[in-house]
Amino acid sequence: MEIHRVAAFSDNYIFVLHDIAQGQAAVVDPGDAEPVLQTLKELGATLTAIFNTHHHSDHVGGNRQLLERFPQAQVYGGAEDRGRIPGQTHFLQEGDWVQICDRQAEVIFVPGHTYAHIAYYLAPATPNDWGELFCGDTLFAGGCGRLFEGTPQQMVESLGKLRQLPDTTRVWCAHEYTLSNLKFAVTVDGTNATLQQRLKQVQAARAQDQPTVPTELGLEKQTNPFLRWDQASLQQAMNSTSTVQTFARLRGKKDLF
Ligand SMILES: [Zn+2]
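Residues 2 to 258 in the working numbering are what the sequence shown spells out, letter by letter.
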């Protein structure tokens, strides 16, 4: 299976997963149909499945148009998003397994950004290979999603589940927010040398208009403040006494950044 990163709108990424042997493809979070149809045409692939992480229009806005072209395609999303995802045929819960091309994906329930948000985790095909995580607007490179429908407690639990995945997991997040996220991160975790080095690399990449997604979970664990709410330095910086309070204050500061 090959993963193609497709840019959409001003800063969204849509992912087209191509099963070359079968000539079939799946798509994750098609906010816009046009760039997906273009990619499928270039690949010569038939779309068989749409995987949505949550109901926001920049993630599901292309579902209907894709279904007009590929009426047989199945549409997967969270059980609690029933009625909010156009064309949804499969209603998924924590621990469900779904076939994505030639791989099996585990469904992880990650409420917080929305109350129904799910992520898809594909374990490595072979022991030395990468795992793949499609996490929508829950975890970003250097940051996390805003809390539109969930509480800090929920988001800490959701991010905690993602943090338990292996370091060798590629994180395919749905927006190019990395530079802004890392500029914020250094204001709260300024003594973190790995973070400072990462900011320089991302500044250089963005100056040349290069994408910073996917990112690696191991690096996120070292540099993303929204996975580091239990670090003493961050608790101190937020003048907080609990992990949830640290997270809530970090998220509040980022909302105003
Ligand atoms: Zn969203």
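Idealized CB from N, CA, C, for every residue including glycine. Predicted model only: the values in this text are computed from it and were never measured.
(request) Spell out a yes or no on whether the stretch 99 to 110 and the stretch 146 to 158 are touching, meaning 3 or more CB-CB pairs, one atom from each, closer than 8 Å. (result) no
(request) Output yes or no for whether 9 Å exceeds the beta carbon distance between phenylalanine 52 and valine 28. (result) Locating residue 52 in the sequence shown gives position 51, where the first residue counts as 1. Locating residue 28 in the sequence shown gives position 27, where the first residue counts as 1. The answer is yes: Cβ separation under 9 Å.
(message) Comparing C-alpha positions only, which one of Val7, Pro112 and Leu48 sits nearest to leucine 163?
(response) By 1-based counting over the sequence shown, the position of residue 163 is 162. Nearest of Val7, Pro112 and Leu48 to leucine 163, Cα basis: Pro112.
(request) Assign tryptophan 98 to one of two classes, buried (16 or more other C-beta atoms within 10 Å of its C-beta) or exposed (fewer than that). (result) Numbered from 1 along the sequence shown, position 97 holds the residue referred to as residue 98. Flag for tryptophan 98 reads exposed.
(message) Using CA atoms only, rank isn't needed, just tell me which of Cys102, Gly137, Gly45 and His176 is closest to glutamine 75.
(response) Looking up residue 75 in the sequence shown gives position 74. Ranking the options by Cα distance to glutamine 75, first place goes to Cys102.
(request) With distances taken Cα to Cα, identify the nearest neighbour of leucine 220 among Ala142, Val17 and Ser58. (result) Here residue 220 corresponds to residue number 219 of the sequence shown, with the count starting at 1. Measuring from the Cα of leucine 220, the nearest candidate turns out to be Ala142.
(request) Give every residue of the same chain whose Cβ lies closer than 7 Å to the Cβ of tyrosine 116, excluding the five residues on either side of it in the sequence, and list them in chain order. (result) Numbered from its first residue, the sequence shown carries residue 116 at position 115. Taken in chain order, the residues that qualify are Glu81, Glu150 and Gly151.
(message) Taking the alpha-carbon of arginine 207 as reference, which of Tyr121, Phe185, Leu44 and Thr179 has the nearest alpha-carbon?
(response) In the sequence shown, counting from the first residue as 1, residue 207 sits at position 206. Restricting attention to Tyr121, Phe185, Leu44 and Thr179, the CA atom closest to the CA of arginine 207 is found in Thr179.
(request) Whole angstroms is fine: what's the gap from glutamine 155's alpha carbon to glycine 161's? (result) One-based indexing of the sequence shown puts residue 155 at position 154. One-based indexing of the sequence shown puts residue 161 at position 160. Roughly 10 Å separates the two Cα atoms.
(request) If I'm right that alanine 124 touches threonine 139 with Cβ under 8 Å, what's the distance once you round it to whole angstroms? (result) Residue numbering aside, residue 124 sits at position 123 when the sequence shown is read from its first letter. Residue numbering aside, residue 139 sits at position 138 when the sequence shown is read from its first letter. The pair is not a contact, with the Cβ atoms about 18 Å apart (cut-off 8 Å).
(message) Just verifying my parser: in three-state terms, what is the DSSP assignment at glutamine 23?
(response) For the purposes of this step, residue 23 is taken as residue 22 along the sequence shown, with counting starting at 1. Reduced to three states, the DSSP call for glutamine 23 is coil.
(message) For a test of your reading of the model: does the CB of histidine 55 fall under 8 Å from any non-hydrogen atom of ligand 1? Yes or no.
(response) As a working note, residue 55 is residue 54 in the sequence shown. Indeed, a heavy atom of ligand 1 lies less than 8 Å from the Cβ.
(message) Assuming histidine 60 is part of the beta strand (DSSP E), what are its boundary residues?
(response) In the sequence shown, counting from the first residue as 1, residue 60 sits at position 59. Per DSSP, histidine 60 belongs to no beta strand (DSSP E); it is in the alpha helix (DSSP H), 58 to 61.
(request) Please state if the CB of leucine 251 and the CB of valine 189 are separated by a distance shorter than 9 Å. (result) As a position in the sequence shown, residue 189 is number 188, starting the count at 1. As a position in the sequence shown, residue 251 is number 250, starting the count at 1. In contact: valine 189 and leucine 251 (Cβ atoms closer than 9 Å).
(request) Could you spell out the range, first to last residue, of the alpha helix (DSSP H) harbouring valine 245? (result) Position 244 of the sequence shown, counting from 1, holds the residue named residue 245. That run of the alpha helix (DSSP H) goes 244 to 257.
(request) For my contact list, arginine 6 and valine 214 are in at a C-beta cut-off of 8 Å; report their separation, rounded to the angstrom. (result) Start at 1 with the first residue of the sequence shown, and residue 6 comes out as number 5. Start at 1 with the first residue of the sequence shown, and residue 214 comes out as number 213. Arginine 6 to valine 214, Cβ: 7 Å. Contact.
(message) Could you compute how far the alpha carbon of glycine 137 sits from the alpha carbon of alanine 233?
(response) Taking the first residue of the sequence shown as 1, we reach residue 137 at position 136. Taking the first residue of the sequence shown as 1, we reach residue 233 at position 232. If you draw a straight line from the Cα of glycine 137 to the Cα of alanine 233, it is about 29 Å long.
(message) Quick check: the Cα distance between aspartate 256 and glutamine 23, rounded to an integer number of angstroms?
(response) Translated into the one-based positions of the sequence shown, residue 256 becomes position 255. Translated into the one-based positions of the sequence shown, residue 23 becomes position 22. Those two C-alpha atoms are separated by around 44 Å.
(message) Suppose you measure from the CA of histidine 57 to the CA of proline 226; what does that come to, to the nearest Å?
(response) The residue given as residue 57 occupies position 56 in the sequence shown. The residue given as residue 226 occupies position 225 in the sequence shown. When rounded, the distance between both Cα atoms is 25 Å.
(request) On a CA-only basis, which of Glu3, Ser243, Trp230 and Gly62 is nearest leucine 41? Give me that one, please. (result) Counted from its first residue, the sequence shown places residue 41 at position 40. Residue Glu3 is the option with its Cα nearest to leucine 41.
(message) If contact is defined by three or more beta carbon pairs under 8 Å, each pair taking one atom from either stretch, is the stretch 59 to 76 in contact with the stretch 41 to 50?
(response) With a cut-off of 8 Å, the stretch 59 to 76 and the stretch 41 to 50 count as touching, because enough Cβ pairs lie within range.
(request) Pick out whichever of Gly253, Ser241, Pro31 and Lys222 has its Cα sitting closest to the Cα of threonine 170. (result) Walking along the sequence shown from the start, residue 170 turns up at place 169. The candidate whose alpha carbon is nearest that of threonine 170 is Lys222.
(request) Just the C-alpha distance for aspartate 130 and proline 167, rounded to the nearest angstrom, thanks. (result) Translated into positions along the sequence shown, residue 130 becomes position 129. Translated into positions along the sequence shown, residue 167 becomes position 166. Rounded to the nearest angstrom, the gap between the Cα atoms of aspartate 130 and proline 167 is 11 Å.
(message) If I measure Cβ to Cβ from phenylalanine 248 and keep anything under 6 Å in the same chain, skipping five residues before and after, which residues do I get?
(response) As a first step, residue 248 must be located in the sequence shown, where it is residue number 247. The answer, listed in chain order, is Pro153, Val157 and Trp230.
(request) For alanine 34, write down the residues that DSSP places opposite it in a beta bridge. (result) On the sequence shown, position 33 is the one that residue 34 refers to. Alanine 34 is not bridged to any residue.
(message) Just to confirm the assignment, what range does the beta strand (DSSP E) spanning alanine 8 have?
(response) Here residue 8 refers to the residue found at position 7 of the sequence shown. 3 to 9 is the extent of the beta strand (DSSP E) around alanine 8.
(request) Give, in chain order, every unbroken run of the alpha helix (DSSP H) that is at least 4 residues long and sits entirely within the stretch 163 to 196. (result) You should have 179 to 189.
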